[in-house]
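J.:
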Amino acid sequence: MIYIFWTCRNIEEAKKIIHGLLDKRWIACASIFPEVESIYRWEGKIEESIETKIILKTRLKHFETIREYIETNCSYEVPEILQVDIAQGATRYMSWVAEETATHKD
1 MIYIFWTCRN
11 IEEAKKIIHG
21 LLDKRWIACA
31 SIFPEVESIY
41 RWEGKIEESI
51 ETKIILKTRL
61 KHFETIREYI
71 ETNCSYEVPE
81 ILQVDIAQGA
91 TRYMSWVAEE
101 TATHKD
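What follows is the structure in structure tokens.
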């Protein structure tokens, strides 16, 4: 199991993409932090903005497909999409994630 940390412009964009990922069974769940303040350097200037942070729960085998889907459907030129491996967790929860992200090929 992995988490994918992703940041996008706003909650509307997040929900649209999350629903697409759920429909395809590439994720089991998404947690949305509607407003995070980000301070960063972009094109030589320090910027400050309010963004939406998302944690996606899925399997490692779906990472590249999810990354491509987000990059194709989000408004950011360089979206933050980071994989975090989950070494251990509650067995029932991890089993649920596996079941929800299963495809006919599993």
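Residue numbers for the sequence shown, in our numbering: 1 to 106.
From the three backbone atoms N, C-alpha and C, an ideal C-beta is built for every residue, glycine too.
Since residue 23 sits in a beta bridge, which residues does DSSP pair it with?
T.: Looking at the DSSP assignment, residue 23 forms no beta bridge with any residue, so it has no partner.
J.: Alpha carbon to alpha carbon, what distance is there between residue 42 and residue 66?
T.: Cα-Cα distance, rounded: 25 angstroms.
J.: Which two residues bound the contiguous beta strand (DSSP E) that contains residue 92?
T.: Careful: residue 92 lies outside any beta strand (DSSP E), inside the alpha helix (DSSP H) at 91-100.
J.: Which residue or residues does DSSP assign as beta-bridge partners of residue 39?
T.: The partner list for residue 39 (beta bridge, DSSP) reads 48.
J.: I need the boundaries of the beta strand (DSSP E) containing residue 7, first residue and last residue.
T.: It spans 2-8 - the beta strand (DSSP E) in which residue 7 sits, taken as one unbroken run.
J.: When burial is assigned at 16 or more other CB atoms within 10 Å of the CB, is residue 106 buried or exposed?
T.: The predicted position of residue 106 is uncertain, since its pLDDT is 45 and thus under 50; no value can be drawn from it.
J.: Which parts of the segment 53-81 are runs of the alpha helix (DSSP H), unbroken and 4 residues or longer, counting only runs that do not cross its ends?
T.: The segment 53-81 contains these whole alpha helix (DSSP H) runs: 63-73.
J.: DSSP three-state call for residue 11: helix, strand or coil?
T.: It is helical.
J.: Contact between the segment 52-66 and the segment 19-29: three or more CB pairs below 8 angstroms?
T.: Contact holds: three or more Cβ-Cβ distances are below 8 angstroms.
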